[in-house]
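Under our numbering, residues 592 to 877 are what the sequence shown spells out, in order. Every residue gets a Cβ at the ideal spot worked out from N, C-alpha and C, and that includes glycine. If you're wondering where the values come from, they're calculated on a predicted model, not measured in any experiment. Okay, structure first, notes after.
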Amino acid sequence: MTDIQQARLMVGTDLARRLTESSAAAAADILRRTGTAPCLATVLVGEDPASVTYVRMKRARCEQAGILSRQVVLPASVSTAGLVETVGALSADPEVHGILLQHPVGAHIDERAAFEAIAPEKDVDGVTMHSFAAMGFGLPGFVSCTPGGIMRLLDEYGVGLTGKHAVVVGRSAILGKPVGMLLLGRDATVTYCHSRTADLSSIVRQADVLVAAVGRPRFITGADIKPGAVVIDAGYNPGNVGDVDFETARLRASLITPVPGGVGPMTIAVLLAQTVEAATRQLGLG
Ligand code: NAP
Numbered sequence: 592m593t594d595i596q597q598a599r600l601m602v603g604t605d606l607a608r609r610l611t612e613s614s615a616a617a618a619a620d621i622l623r624r625t626g627t628a629p630c631l632a633t634v635l636v637g638e639d640p641a642s643v644t645y646v647r648m649k650r651a652r653c654e655q656a657g658i659l660s661r662q663v664v665l666p667a668s669v670s671t672a673g674l675v676e677t678v679g680a681l682s683a684d685p686e687v688h689g690i691l692l693q694h695p696v697g698a699h700i701d702e703r704a705a706f707e708a709i710a711p712e713k714d715v716d717g718v719t720m721h722s723f724a725a726m727g728f729g730l731p732g733f734v735s736c737t738p739g740g741i742m743r744l745l746d747e748y749g750v751g752l753t754g755k756h757a758v759v760v761g762r763s764a765i766l767g768k769p770v771g772m773l774l775l776g777r778d779a780t781v782t783y784c785h786s787r788t789a790d791l792s793s794i795v796r797q798a799d800v801l802v803a804a805v806g807r808p809r810f811i812t813g814a815d816i817k818p819g820a821v822v823i824d825a826g827y828n829p830g831n832v833g834d835v836d837f838e839t840a841r842l843r844a845s846l847i848t849p850v851p852g853g854v855g856p857m858t859i860a861v862l863l864a865q866t867v868e869a870a871t872r873q874l875g876l877g
């Protein structure tokens with residue numbers, strides 16, 4: 592009887608914990624040297640339960656890492672001008688080093704205008720056009736947190752990217768597009784797929800590195816995975832289910848991220864790391 596080969600897991604929880612420990616050590620060092628702790632401002636519009644939970648989790652993780660958090664809660668009825676003014680004031684406040692505007696912010700608000708009120712040096716969530724352009728040009732800057740977490744996971748597990756065919760399923764501004772840009776910046780050959788892609792399966796089957804960022808439970812199954820591929824499942828659907836059918840995919844892939852415990856924990860860890868980096872620069876330490 593032959594053993595069925597199963598992919599090795601890319602464990603985000605472990606890497607995220609180590610990254611957060613190093614952010615905590617850096618935050619303590621900043622406090623010791625300057626008397627100031629790094630500070631992340633979170634801006635929440637309305638009371639959407641998922642957004643409230645995300646912001647609470649992010650603030651709790653900040654606290655554990657010795658990063659101050661300042662919470663601003665605005666009513667769901669706030670106007671674009673009101674939100675832009677609030678974010679602009681945080682951008683100008685020297686005690687705030689990073690700004691996280693939790694989205695979605697409500698359909699009546701011009702979300703892009705609100706994001707653009709974040710000063711580039713405080714854009715630790717990587718949501719401004721400045722950060723997006725820096726990612727595109729391969730210049731230093733803050734990256735979108737989930738794509739940044741994915742790149743760190745690939746590096747942690749020694750995945751070579753040069754000349755590899757990376758297929759990204761999804762093209763959102765916070766996830767699909769930037770992760771493709773970062774993969775391209777590392778010399779992968781990148782193909783994007785989206786809802787209008789013809790014959791998606793045949794493209795996915797060519798992937799040496801597959802990033803699933805679709806938002807549809809178990810959308811990609813093992814039958815579509817090239818044997819030996821590296822599979823990154825960024826999806827997070829109700830019931831802790833990813834965008835990849837884990838049980839069939841793990842029989843074909845060489846490396847795979849579980850859901851939960853793969854990409855998910857990396858997002859907040861990168862947010863904290865970028866907040867500490869922002870404070871380091873703004874306080875003239877590096
Ligand atoms: P999104 O904005 O809804 O984008 C989904 C993308 O998938 C779009 O580009 C869409 O194509 C594409 N798509 C949808 N249906 C498709 C289909 N049938 N065939 C091919 N492509 C299809 O979602 P997102 O914000 O990028 O998030 C994607 C997933 O990642 C979600 O499960 C989300 O929960 C998860 N996520 C996780 C984290 C984390 O921290 N782990 C962070 C962010 C997001 P079109 O552009 O053509 O519409």
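Every alpha helix (DSSP H) of 4 residues or more that sits fully in the segment 665-705 is shown, in chain order, as 671-683. Arg647 sits in a helix when the DSSP states are folded into three classes.
It is roughly 15 angstroms from the alpha-carbon of Ala870 to the alpha-carbon of Thr633.
For the pair Leu606 and Val669, the Cα-to-Cα distance works out to about 38 angstroms. Asn828 is bridged by DSSP to Val832. For Leu874, the three-state secondary structure derived from DSSP is coil. The beta carbon of Arg762 is closer than 7 angstroms to those of Lys768, Tyr783, His785 in its chain, skipping five residues each way along the sequence. In the structure shown, Arg609 falls within a helical segment according to DSSP collapsed to helix, strand and coil. With contacts defined by Cβ atoms closer than 9 angstroms, Ile621 and Leu863 do not form a contacting pair. The straight-line gap separating the alpha-carbon atoms of Ala683 and Ile690 is approximately 11 angstroms.
Secondary structure of Val750 (DSSP, three-state): coil. In its chain, beyond the 5 residues on either side, Lys755, Ala757, Val821 have a beta carbon closer than 6 angstroms to the beta carbon of Val800.
Closer than 8 angstroms to some heavy atom of ligand 1: that does not describe the Cβ of Ala864. Rounded to whole angstroms, the gap between the alpha carbons of Ile823 and Ile741 is 8 angstroms.
Shown here, His756 sits in a strand according to DSSP, grouped into three states. Membership of Val715 in any alpha helix (DSSP H) is not indicated, and neither H nor E is assigned to it by DSSP.
Apart from the 5 residues on each side of it in sequence, Ser614 sits with its Cβ closer than 6 angstroms to the Cβ of Ala656, Leu863, Ala864, Val867 in its chain, given in chain order. Apart from sequence neighbours up to five positions away, the residues of its chain that approach Asp815 with a beta-carbon distance below 7 angstroms are Ser792, Val795, Arg796, ordered along the chain. For Ala598, same chain residues with a beta-carbon under 6 angstroms away, outside a window of 5 residues either side, are Arg841, Ala844, Ser845, Leu846, Ile847 in chain order. By the 16-neighbour rule on beta-carbons within 10 angstroms, Gly729 is exposed. Taking 8 angstroms as the cut-off, the C-beta of Arg650 does not count as close to any heavy atom of ligand 1. One Cα belongs to Tyr748, the other to Arg872, and the distance between them is close to 29 angstroms. Residues of the same chain with a CB within less than 7 angstroms of the CB of Glu686, apart from the 5 flanking positions on each side, are Cys630 in chain order. Annotated three-state conformation of Gln655 is helix, per DSSP.
Nearest to Ala804 by alpha-carbon distance, out of Thr753, Ala779, Pro738, Ile859, is Pro738.
One thing to note: Gly603 has its Cβ no nearer than 9 angstroms to the Cβ of Val760.
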